[in-house]
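J.: Going down the list, the protein sequences come from chains A and B.
For the first sequence, this note's numbering gives the first residue as 4, with consecutive numbering after it.
For the second sequence, this note's numbering gives the first residue as 4, with consecutive numbering after it.
We treat Cβ as the ideally placed atom computed from N, Cα and C, and that holds for glycine.
Below: one structure in structure tokens.
Number of protein chains: 2
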Amino acid sequence: MKLITRNTDYSLRALIYMAKKGGIVSVRELERALKIPRAFLRKILQALNKKGILASQKGPGGGFRLLVAPKDLRLLDVASIFQGRVRLNECLFKRKACPDIRKCPLKRELDNIESYALRRLGAISLAALLK
Amino acid sequence: MKLITRNTDYSLRALIYMAKKGGIVSVRELERALKIPRAFLRKILQALNKKGILASQKGPGGGFRLLVAPKDLRLLDVASIFQGRVRLNECLFKRKACPDIRKCPLKRELDNIESYALRRLGAISLAALLK
DNA sequence: GACAAATGATACTAATATAGTATCATTTAT
DNA sequence: ATAAATGATACTATATTAGTATCATTTGTC
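Dropping the structure here:
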């Protein structure tokens with residue numbers, strides 16, 4: 004069970020690299036620097052591009068470029084792209100085994116954990132990861 | 004992404020049922036009461052049995068019986084059986100993309116979330132779920 | 001304009017984890 | 001003896017995650 008999938012992980016590595024270097028960076032360069040499979044990285048960066056986090060430039064000398072300020076990009080923003088809503092519970096209640104959802108202490112507790120996790124993920128920025 | 008898998012979910016339902024009813028309960032009865040596939044439930048209860056949470060009784064009239072006091076059984080105990088260690092991170096560091104693990108703010112943050120979740124899961128008992 | 005280097009789009013495969021089924025062996029109450 | 005239960009375990013199915021492949025398009029350079 005993971006809070007962060009490889010998509011998110013790779014994204015962060017690439018974003019950190021790009022933030023540190025600045026300017027346009029090609030997938031080929033990222034592959035070399037980060038040892039991440041190129042085709043997979045491309046797919047990931049294309050997704051970040053679609054979300055407006057990166058801009059892309061075709062042709063020779065092209066690549067991707069960070070479009071947002073590191074302090075404005077949250078870990079949660081990235082995770083959400085690949086993992087949808089970060090759901091921590093998915094429990095008893097679907098099949099109505101529980102008489103009253105609103106009162107169930109389990110659901111309340113799991114919701115609590117979830118919202119804590121979301122809050123923390125929403126609080127950490129790319130800038131913080133650059134250190 | 005789930006904090007709790009179906010194994011754990013079903014376990015809790017069965018444990019709640021058994022705690023409320025008391026005495027020996029057969030899988031057949033649980034299947035009817037909880038609408039959980041019998042073969043799957045059997046496998047789950049056998050696991051709980053091996054862990055000493057349930058005792059089993061073979062033969063006609065047999066079944067499973069709760070062996071621990073509800074207040075002494077933690078949600079974390081159950082989740083751990085099926086989900087191993089509840090890991091929330093599994094990130095950048097395996098492949099040494101990160102220069103110094105101990106300093107990385109991402110790892111620190113993910114560890115923080117993880118330990119929060121573990122603490123909460125370890126704090127809720129079966130007794131609390133009985134309400 | 002030709003060409004090569006890049007991304008865009010997208011379909012496909014592989015690996016892993018989760019969920020669930022099936023079956024035969026063993027125990028035990030009647 | 002029989003049937004009702006669990007013990008053990010191998011197998012299948014489904015979903016999610018990870019990764020590959022390919023063709024199309026754009027664009028800088030000669």
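With H, G and I counted as helix, E and B as strand and the rest as coil, what does DSSP make of LEU37(B)?
T.: In the second sequence, the residue the question calls residue 37(B) occupies position 34. In the structure shown, LEU37(B) sits in a helix (DSSP, three-state: H, G or I).
J.: Who are GLY66(A)'s beta bridge partners in DSSP?
T.: Counting from one through the first sequence, the residue named residue 66(A) turns up at place 63. GLY66(A) pairs with GLN60(A).
J.: Consider the Cβ of LYS99(A): report whether some Cβ of chain B lies at a distance smaller than 7 angstroms.
T.: Here residue 99(A) refers to the residue found at position 96 when the first sequence is read from its first residue. Its pLDDT being 47, under 50, LYS99(A) is placed unreliably by the model, and the measurement read from it follows with that caveat. No, its Cβ sits nowhere closer than 7 angstroms to a Cβ of chain B.
J.: Can you have a look at LEU133(B) and say buried or exposed, based on whether 16 or more other CB atoms are within 10 angstroms of its CB?
T.: For the purposes of this step, residue 133(B) is identified with residue 130 of the second sequence, where counting begins at 1. Exposed: under 16 other Cβ atoms inside 10 Å.
J.: Once DSSP output is grouped into helix, strand and coil, what is the label at SER29(A)?
T.: Here residue 29(A) corresponds to residue number 26 of the first sequence, with the count starting at 1. In this structure, SER29(A) counts as coil in the three-state DSSP scheme.
J.: Ends of the alpha helix (DSSP H) at GLY125(B)?
T.: The count along the second sequence starts at 1 and reaches residue 125(B) at position 122. 108–126 is the extent of the alpha helix (DSSP H) around GLY125(B).
J.: Compare the C-beta of PRO2(B) with all C-beta atoms of chain A and state if any pair is closer than 7 angstroms.
T.: The structure shown does not extend to residue 2(B), since chain B is modelled only from 4 through 134, so no value can be given for it.
J.: Which whole-angstrom value is the C-beta distance of SER128(A) and LYS74(A), which I expect to be below 8 angstroms?
T.: Locating residue 128(A) in the first sequence gives position 125, where the first residue counts as 1. Locating residue 74(A) in the first sequence gives position 71, where the first residue counts as 1. About 5 angstroms separates the CB atoms of SER128(A) and LYS74(A); that is less than 8 angstroms, so the two are in contact.
J.: Could you name the residues that DSSP lists as bridge partners for ARG77(A)?
T.: As a first step, residue 77(A) is located in the first sequence; it is residue number 74 there, counting from the start. Per DSSP, SER128(A).
J.: Could you please give the first and the last residue of the uninterrupted alpha helix (DSSP H) stretch that includes LYS134(B)?
T.: In the second sequence, residue 134(B) corresponds to position 131, counting from 1. Note, LYS134(B): premise wrong, no alpha helix (DSSP H); not H, not E.
J.: Give the DSSP-derived three-state secondary structure of CYS94(A) in the structure shown.
T.: Along the first sequence, read from residue 1 onward, the residue named residue 94(A) stands at position 91. The predicted model places CYS94(A) with a pLDDT of 49, which falls under 50 and marks its position as unreliable; any figure quoted below should be read in that light. In the structure shown, CYS94(A) sits in coil (DSSP, three-state: anything other than H, G, I, E or B).
J.: Give the residues of chain A in contact with ASN115(B), contact being defined as C-beta atoms less than 9 angstroms apart.
T.: To locate residue 115(B), count along the second sequence from 1; it is residue 112. Within 9 angstroms Cβ-Cβ: ARG123.
J.: Tell me whether the beta-carbon of ALA17(A) lies closer than 7 angstroms to the beta-carbon of LEU33(A).
T.: The residue you call residue 17(A) lines up with position 14 of the first sequence. The residue you call residue 33(A) lines up with position 30 of the first sequence. Taking 7 angstroms as the Cβ cut-off, ALA17(A) and LEU33(A) qualify as a contacting pair.
J.: Does ASP114(B) pass the burial test, meaning 16 or more other C-beta atoms within 10 Å, or should it be called exposed?
T.: Taking the first residue of the second sequence as position 1, residue 114(B) is located at position 111. Result: exposed.
J.: Whose Cβ in chain A lies nearer than 8 angstroms to the Cβ of PRO108(B)?
T.: Counting from 1 along the second sequence, the entry for residue 108(B) is found at position 105. Correct list: ILE127, ALA131, LEU132 and LYS134.
J.: Quick one: using the 10 Å Cβ neighbour count with 16 as the cut-off for buried, is ALA126(B) buried or exposed?
T.: The residue given as residue 126(B) occupies position 123 in the second sequence. Its Cβ having fewer than 16 others within 10 Å, ALA126(B) is exposed.
J.: Looking only at its own chain, which residues have a Cβ that is under 7 angstroms from the Cβ of ASN10(B), when we skip the five neighbours before and after it?
T.: The count along the second sequence starts at 1 and reaches residue 10(B) at position 7. Within the same chain, Cβ atoms closer than 7 angstroms to the Cβ of ASN10(B) are found at ILE47 and PHE85, the five residues on either side in sequence being excluded.
J.: Grab the span of the alpha helix (DSSP H) containing LYS23(B) for me, first residue to last.
T.: Position 20 of the second sequence holds residue 23(B). Unbroken alpha helix (DSSP H) run through LYS23(B): 9–24.
J.: If you reduce the DSSP assignment to three classes, tell me which class LYS46(B) lands in.
T.: For this step, residue 46(B) is matched to residue 43 along the second sequence. In the structure shown, LYS46(B) sits in a helix (DSSP, three-state: H, G or I).
J.: Roughly how many whole angstroms lie between the Cα atoms of LEU51(B) and GLY65(B)?
T.: Along the second sequence, read from residue 1 onward, the residue named residue 51(B) stands at position 48. Along the second sequence, read from residue 1 onward, the residue named residue 65(B) stands at position 62. In a straight line, the C-alpha of LEU51(B) is about 16 angstroms away from that of GLY65(B).
J.: Any idea what DSSP makes of LYS53(B), helix, strand or coil?
T.: Here residue 53(B) is taken as the residue at index 50 of the second sequence, counted from 1. Correct three-state label for LYS53(B): helix.
J.: Distance, Cα to Cα, GLY24(A) vs ALA130(A)?
T.: Along the first sequence, one-based indexing puts residue 24(A) at 21. Along the first sequence, one-based indexing puts residue 130(A) at 127. The amino acid occupying residue 24(A) in the given sequence is Lys; Gly does not appear at that position. Taking the straight line joining both Cα atoms gives about 13 angstroms.
J.: Using beta carbons (cut-off 7 angstroms, strictly below), is GLU34(B) in contact with chain A?
T.: Here residue 34(B) is taken as the residue at index 31 of the second sequence, counted from 1. No, GLU34(B) does not count as interfacial toward chain A.
J.: Since I believe ARG123(A) is in contact with GLU112(B) (beta carbons under 8 angstroms), could you give me their beta-carbon distance rounded to a whole number of angstroms?
T.: Residue numbering aside, residue 112(B) sits at position 109 when the second sequence is read from its first letter. Residue numbering aside, residue 123(A) sits at position 120 when the first sequence is read from its first letter. Sure, about 6 angstroms apart at Cβ, within 8 angstroms.
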